[in-house]
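Colleague: Once you've had a glance at the structure underneath, I'll fire off some questions.
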Ligand SMILES: Cc1cc2nc3c(=O)[nH]c(=O)nc-3n(C[C@H](O)[C@H](O)[C@H](O)COP(=O)(O)OP(=O)(O)OC[C@H]3O[C@@H](n4cnc5c(N)ncnc54)[C@H](O)[C@@H]3O)c2cc1C
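Here's what the structure looks like:
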């Protein structure tokens, strides 16, 4: 086993860390409190990050990106989320969809969007699946014609007419390109009746709806995607008709692992702040870190952080190794790391005592942020259900 990072990985990790320290952290806490979601969205920071090359890290070199592998994306994602989880998620979502864009779109589609993706520092992407009556049913999937995505695309002439509504979609409201799953055969379950389409905000009959208010990850946006007789040209169809689920399984293996990297970055920030506080806060005549009750909690934070990080790096490494990737490793890494991160943030808040509960301390934001990944990217119950058949 060789855990040494390549010089390129170390450089990118440092670039991301410096960026998080200098650009993300100074504004994140104040923006988090801004009530208007559009005003709190950190456009300036995201643009600066894009100019540093962070936005296009996941696009292959042949398409003009940095061609980073899953492990490198995890290293960068952890550093960005150490700065602020919402900001990291906006980048990570665009990375995840870059994988889909690379693997699923044809040459004509690439030609239409690639120039803008590369040159427009505000070009972020989204993937739309979840709906009011269809959350986990799309992901497990519960494969009945009566369950899953209800947004339909019906063939008409040389295109499709789409109707329906997505919700909770990350980067919704600002994404310039969305890959959206629609039901194209209502007589089949989602595995055999769903197709991906490319959607841009200028398309007639499509609009962004409500921006959802969230307890954490508040510097990222989640929105509704609304389709009202939206006409989609067939050239925007991404997969073979009814084959979206198959394509997602085949080409999207590292998604849960990348998600785990962002939640871990926030947990690390909480742990570090807990250490700092425990060294300087005096009670019982000495720094509280010298009381076993506090020292034990910090030692547990250390162990859970390190265990999570090793698992995450191993899982991410397997994504690029032929024949080594194991789906349950991806699902359970997201479960393990998000639940460890939740415990780390909870202990870190306790180390700060009552002060940690006050909103001018950093700890409550960490708690709110880490909670998101118990549910996002598929709930942890669903991750376990999906793992079962691979045990
Ligand atoms: C921050 C955030 C970002 C998101 N970003 C996106 C995005 O970009 N794109 C997108 O499409 N979606 C996105 N989502 C939606 C997310 O994928 C769904 O919220 C998630 O899949 C759960 O769906 P649901 O909320 O409808 O919960 P439900 O499916 O209603 O689940 C409710 C509870 O029931 C449990 N449950 C459900 N089915 C079963 C079962 N068969 N057996 C046992 N237990 C079950 C679940 O684990 C959960 O505890 C995002 C969500 C969040 C919170």
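Residue numbers (our numbering): 149 to 539. All C-beta atoms, glycine included, are put in the ideal place defined by N, C-alpha and C.
Excluding sequence positions up to five away, which residues of its chain have a Cβ less than 8 Å from the Cβ of residue 298?
Modeller: Translated into positions along the chain shown, residue 298 becomes position 150. Contacts found: 279, 281, 282, 312 and 331.
Colleague: Using 8 Å as the threshold, is the segment 160–177 in touch with the segment 350–362, meaning 3 or more CB pairs across them?
Modeller: no
Colleague: Sort 232, 188, 222 and 440 by Cα distance to residue 158 and report the nearest one.
Modeller: Start at 1 with the first residue of the chain shown, and residue 158 comes out as number 10. When only C-alpha atoms are compared, the closest one is 222.
Colleague: With respect to 7 Å, is the separation between the Cβ of residue 523 and the closest non-hydrogen atom of ligand 1 below this value?
Modeller: Counting from 1 along the chain shown, the entry for residue 523 is found at position 375. Because some heavy atom of ligand 1 lies under 7 Å away, the Cβ of residue 523 counts as near it: yes.
Colleague: Using a Cβ-Cβ cut-off of 8 Å, state whether residue 340 counts as contacting chain B.
Modeller: No chain B appears in the structure shown, which is made up of a single protein chain.
Colleague: Would you kindly check if the distance between the Cβ of residue 245 and the Cβ of residue 374 is under 8 Å?
Modeller: Your numbering for residue 374 matches position 226 in the chain shown. Your numbering for residue 245 matches position 97 in the chain shown. No, the Cβ-Cβ distance between residue 374 and residue 245 is not below 8 Å.
Colleague: Between the alpha carbons of residue 336 and residue 478, how many angstroms are there, rounded?
Modeller: By one-based count along the chain shown, residue 336 stands at place 188. By one-based count along the chain shown, residue 478 stands at place 330. The straight-line gap from Cα to Cα measures roughly 28 Å.
Colleague: For the segment 377–396 against the segment 209–217, are there 3 or more C-beta pairs whose distance is under 8 Å?
Modeller: Contact between the segment 377–396 and the segment 209–217 is absent: fewer than three C-beta pairs spanning the two stretches fall below 8 Å.
Colleague: What is the rounded straight-line gap between the Cα of residue 456 and the Cα of residue 315?
Modeller: Position 308 of the chain shown, counted from the start, is the residue given in the question as residue 456. Position 167 of the chain shown, counted from the start, is the residue given in the question as residue 315. Whole-angstrom Cα-Cα distance: 30 Å.
Colleague: Which residue spans inside the segment 216–287 form an unbroken beta strand (DSSP E) run of at least 3?
Modeller: 273–276
Colleague: Which residues share a DSSP beta bridge with residue 385?
Modeller: Stepping through the chain shown from its first residue, residue 385 is reached at position 237. DSSP output for residue 385 lists 345 as bridge partner(s).
Colleague: If residue 227 and residue 329 are in contact, beta carbons under 8 Å, what's the gap, nearest whole angstrom?
Modeller: Start at 1 with the first residue of the chain shown, and residue 227 comes out as number 79. Start at 1 with the first residue of the chain shown, and residue 329 comes out as number 181. Wrong, their Cβ atoms sit about 31 Å apart, outside the cutoff.
Colleague: Going by Cα to Cα distance, which pick from 476, 530, 179 and 427 is closest to residue 189?
Modeller: Here the question's residue 189 lines up with position 41 in the chain shown. The shortest C-alpha separation from residue 189 is found at 179.
Colleague: Looking only at C-alpha atoms, which of 383, 266 and 351 sits nearest to residue 305?
Modeller: Locating residue 305 in the chain shown gives position 157, counting from the first residue. Comparing Cα positions, the closest option is 383.
Colleague: Under a Cβ-count criterion, where at least 16 other Cβ atoms within 10 Å of its own Cβ denotes burial, should residue 202 be classed as buried or exposed?
Modeller: As a working mapping, residue 202 is identified with position 54 in the chain shown. When all chains shown are included, residue 202 counts as buried.
Colleague: Can you check DSSP and say which residues form a bridge with residue 412?
Modeller: The sequence position of residue 412 within the chain shown is 264, counting from 1. BP columns for residue 412 are empty, so no partner.
Colleague: Kindly confirm or deny that the segment 439–451 and the segment 459–467 touch, where touching means at least three C-beta pairs closer than 8 Å.
Modeller: At 8 Å Cβ cutoff, the stretches do not touch.
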